[in-house]
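Undergrad: Heads up: the sequence shown begins at 389 in my numbering, then just goes up one per residue.
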Amino acid sequence: VLLYELLHGSSPFYIDGIYENVETRNKLFSKILKNDYTINTNLSDSCKNLIQSLLKTNPLNRISLDDVFKHEWV
């Protein structure tokens, strides 16, 4: 999430008015659970791949820290 935020300037699961009411918080939680985010098209394919590998919903499917350091974008 931090890499995404550094490259996009916002959270991958950003919702306007998140602190206004329960409904907007529920929308945020729904986006997180559905892994609903978009990646800036100006980023390189290897950068997009790393972000997608880091943001997998299931932790067992996420890229390992060792593999992050071996990733071509890093």
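Note that beta-carbon positions come from the ideal geometry of N, C-alpha and C, so glycine has one too.
Model, not experiment: these values are computed from the prediction.
Would you identify the three-state DSSP class for R413, choosing helix, strand or coil?
TA: Position 25 of the sequence shown, counting from 1, holds the residue named residue 413. Here R413 sits in helix by DSSP.
Undergrad: Taking just the CA atoms, how far does P400 sit from P447?
TA: Residue numbering aside, residue 447 sits at position 59 when the sequence shown is read from its first letter. Residue numbering aside, residue 400 sits at position 12 when the sequence shown is read from its first letter. Taking the straight line joining both Cα atoms gives about 17 Å.
Undergrad: Helix, strand or coil for H459? Go by DSSP, reduced to three states.
TA: The residue given as residue 459 occupies position 71 in the sequence shown. Three-state DSSP puts H459 in coil, outside helix and strand.
Undergrad: What distance in whole Å lies between the Cβ atoms of L438 and R450, which are believed to be in contact at a cut-off of 8 Å?
TA: Along the sequence shown, read from residue 1 onward, the residue named residue 450 stands at position 62. Along the sequence shown, read from residue 1 onward, the residue named residue 438 stands at position 50. Not really, about 11 Å apart at Cβ, beyond 8 Å.
Undergrad: Here's the rule: buried if 16 or more other CB atoms are within 10 angstroms of the residue's CB, otherwise exposed. What is Y402?
TA: On the sequence shown, residue 402 is found 14 positions in, with the first residue counted as 1. Under this definition Y402 is an exposed residue.
Undergrad: Please report the straight-line C-alpha distance between K419 and N409, rounded to a whole angstrom.
TA: Reading the sequence shown from its first residue, position 31 is the one you call residue 419. Reading the sequence shown from its first residue, position 21 is the one you call residue 409. Using only the alpha carbons, I get a separation of about 16 Å.
Undergrad: Can you list, in chain order, the stretches of the alpha helix (DSSP H) that have 4 or more residues and sit fully within the region 400-454?
TA: 410-422 and 433-442
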